[in-house]
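Here the structure comes first, spelled out in structure tokens, and everything after it is commentary.
There are 2 protein chains.
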Amino acid sequence: MGNLADRIEVYLKRILEQTSEGYIILQRSELAGEFSCVPSQINYVLDTRFTVDRGYLVESRRGGGGYLRIIRLGLGIEGQYQQVMRQLIGEQLSRERSNGLVDRLVGEELVTIREAAMIKCVLSGKDLGGKFKDWDALRACLMKTILTTLSRDDLL
Amino acid sequence: MGNLADRIEVYLKRILEQTSEGYIILQRSELAGEFSCVPSQINYVLDTRFTVDRGYLVESRRGGGGYLRIIRLGLGIEGQYQQVMRQLIGEQLSRERSNGLVDRLVGEELVTIREAAMIKCVLSGKDLGGKFKDWDALRACLMKTILTTLSRDDLL
DNA sequence: TTGTCTTTGACCTTTCCTGACCTTCTAACA
DNA sequence: TGTTAGAAGGTCAGGAAAGGTCAAAGACAA
Numbered sequence: 011m012g013n014l015a016d017r018i019e020v021y022l023k024r025i026l027e028q029t030s031e032g033y034i035i036l037q038r039s040e041l042a043g044e045f046s047c048v049p050s051q052i053n054y055v056l057d058t059r060f061t062v063d064r065g066y067l068v069e070s071r072r073g074g075g076g077y078l079r080i081i082r083l084g085l086g087i088e089g090q091y092q093q094v095m096r097q098l099i100g101e102q103l104s105r106e107r108s109n110g111l112v113d114r115l116v117g118e119e120l121v122t123i124r125e126a127a128m129i130k131c132v133l134s135g136k137d138l139g140g141k142f143k144d145w146d147a148l149r150a151c152l153m154k155t156i157l158t159t160l161s162r163d164d165l166l
Numbered sequence: 011m012g013n014l015a016d017r018i019e020v021y022l023k024r025i026l027e028q029t030s031e032g033y034i035i036l037q038r039s040e041l042a043g044e045f046s047c048v049p050s051q052i053n054y055v056l057d058t059r060f061t062v063d064r065g066y067l068v069e070s071r072r073g074g075g076g077y078l079r080i081i082r083l084g085l086g087i088e089g090q091y092q093q094v095m096r097q098l099i100g101e102q103l104s105r106e107r108s109n110g111l112v113d114r115l116v117g118e119e120l121v122t123i124r125e126a127a128m129i130k131c132v133l134s135g136k137d138l139g140g141k142f143k144d145w146d147a148l149r150a151c152l153m154k155t156i157l158t159t160l161s162r163d164d165l166l
């Protein structure tokens with residue numbers, strides 16, 4: 011975890027945790043200055059770490075007085091997260107995206123670390139190898155089924 | 011027992027025993043440097059000595075700041091149980107037998123009710139419909155993978 | 001000798017980082 | 001009012017920094 015992108019990620023998530031607004035505003039060039047890197051490195055971090063799947067929204071504005079705004083997305087209240095998740099999953103789900111989604115469930119404390127590890131290993135698809143073709147579609151199905159199971163009232 | 015692969019194996023297992031995290035993280039090129047060998051020699055050691063059968067799991071990440079992570083699988087009572095389970099599962103696993111095994115795990119308090127429900131729903135294979143042929147073989151693979159995940163020492 | 005285990009090196013894939021160049025916005029100025 | 005300079009942020013391609021794969025050569029035991 012010693013690389014630059016990871017450190018910037020941790021830094022941003024930390025201040026995002028500390029704020030009560032649910033979002034933070036910052037200047038790209040300033041942040042780049044603090045980490046002594048080029049401004050586009052910030053975009054790289056935002057593009058790879060602060061995606062919608064992982065629960066973030068990034069807005070920005072150019073020109074004088076421009077800024078970056080990183081918004082933390084909740085999963086809604088009480089069972090609403092099921093719907094949000096299903097939307098995000100869609101018909102196709104890559105392994106990277108599924109990992110992001112599962113991490114987010116952990117962050118929201120909707121699944122435990124152990125459960126998350128289980129889900130990830132099942133969705134990784136190492137077992138099927140080349141046997142199964144349409145892996146992304148299958149992964150989407152499985153993820154949804156798992157969500158359904160997790161929402162069963164008798165499991166609480 | 012004086013060959014290079016054996017020495018690297020011993021070295022890694024020694025530090026792996028000493029850690030309380032249940033895993034170690036290292037850089038392939040760095041380790042290769044310490045033993046004055048080519049980096050791919052490390053892969054050879056990992057592939058032949060740190061397999062799931064022998065109680066280890068290896069994860070890695072490429073690119074700048076990449077790493078290798080060797081995870082210890084439980085060697086205690088639970089671990090032995092896992093070994094028995096793996097034998098029991100074999101190459102084919104019917105739905106009835108898998109449900110039986112999962113219930114047994116619940117009985118032994120090795121998995122929670124929620125986890126059991128998740129495993130069952132994944133193994134039920136409702137999602138795949140007729141798409142996949144050799145469902146009993148796949149079920150066996152998945153069950154083993156799940157057991158492996160549950161025995162990871164870094165999840166305790 | 002033969003078959004298995006080890007070691008090496010050439011080449012590949014993924015992830016990260018940088019810099020050059022582009023687009024958008026504001027504000028001052030003619 | 002229209003123009004334009006400067007101040008943001010955006011994009012993209014290329015190089016660097018990891019780890020992965022594979023086949024061939026070497027070492028060694030049966």
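For the record, the sequence lines run as chains A and B. Every number in this note's numbering is 10 more than the matching position in the first sequence, counting from 1. Every number in this note's numbering is 10 more than the matching position in the second sequence, counting from 1. We treat Cβ as the ideally placed atom computed from N, Cα and C, and that holds for glycine. Just so you know, these numbers come straight off a predicted model, no measurement behind them.
Neighbour-count burial assignment, residue i, 16 or more Cβ in a 10 Å radius
{"i": "Met-128 (chain A)", "result": "buried"}
{"i": "Ser-39 (chain B)", "result": "exposed"}
{"i": "Ser-104 (chain B)", "result": "exposed"}
{"i": "Ile-156 (chain A)", "result": "buried"}
{"i": "Glu-125 (chain B)", "result": "buried"}
{"i": "Arg-79 (chain A)", "result": "exposed"}
{"i": "Ser-161 (chain B)", "result": "buried"}
{"i": "Leu-22 (chain A)", "result": "buried"}
{"i": "Gly-110 (chain B)", "result": "exposed"}
{"i": "Thr-158 (chain B)", "result": "buried"}
{"i": "Val-20 (chain B)", "result": "exposed"}
Distance CB(residue i)-CB(residue j) smaller than 7 Å
{"i": "Arg-107 (chain A)", "j": "Asp-63 (chain A)", "result": "yes"}
{"i": "Glu-165 (chain A)", "j": "Ile-123 (chain B)", "result": "Looking at the sequence shown, residue 165 (chain A) is not Glu but Leu. Yes. Within cutoff."}
{"i": "Gly-43 (chain B)", "j": "Asn-13 (chain A)", "result": "no"}
{"i": "Asp-137 (chain A)", "j": "Leu-152 (chain B)", "result": "yes"}
{"i": "Ile-18 (chain B)", "j": "Tyr-77 (chain B)", "result": "no"}
{"i": "Phe-60 (chain B)", "j": "Val-68 (chain B)", "result": "yes"}
{"i": "Lys-154 (chain A)", "j": "Ile-99 (chain A)", "result": "yes"}
Own chain partners of residue i with C-beta closer than 7 Å, once the 5 adjacent residues on each side are dropped
{"i": "Arg-82 (chain A)", "result": "Leu-26, Gly-32, Tyr-33, Gly-65 and Tyr-66"}
{"i": "Ala-150 (chain A)", "result": "Ile-99, Gly-100, Glu-101, Gln-102 and Leu-103"}
{"i": "Gly-86 (chain A)", "result": "Val-94"}
{"i": "Ser-46 (chain B)", "result": "none"}
Residues of its chain near residue i, where Cβ-Cβ distance is below 8 Å and the 5 sequence neighbours each way are ignored
{"i": "Tyr-91 (chain B)", "result": "Glu-118 and Leu-120"}
{"i": "Asn-53 (chain A)", "result": "Arg-38"}
{"i": "Ala-15 (chain A)", "result": "Gln-51, Tyr-54, Val-55, Thr-58 and Arg-59"}
{"i": "Arg-114 (chain A)", "result": "Asp-63, Arg-64, Gly-65 and Leu-85"}
{"i": "Gly-89 (chain B)", "result": "Gly-65, Leu-83 and Ser-161"}
{"i": "Gly-73 (chain B)", "result": "none"}
{"i": "Lys-130 (chain A)", "result": "Ser-108, Asn-109 and Val-112"}
{"i": "Arg-96 (chain A)", "result": "Lys-154 and Leu-157"}
Close Cβ partners of residue i (< 6 Å) along its chain, the five nearest in sequence each way excluded
{"i": "Arg-71 (chain A)", "result": "Tyr-77"}
{"i": "Leu-41 (chain B)", "result": "Ile-52"}
{"i": "Val-116 (chain A)", "result": "Ala-126"}
{"i": "Trp-145 (chain A)", "result": "Gly-135"}
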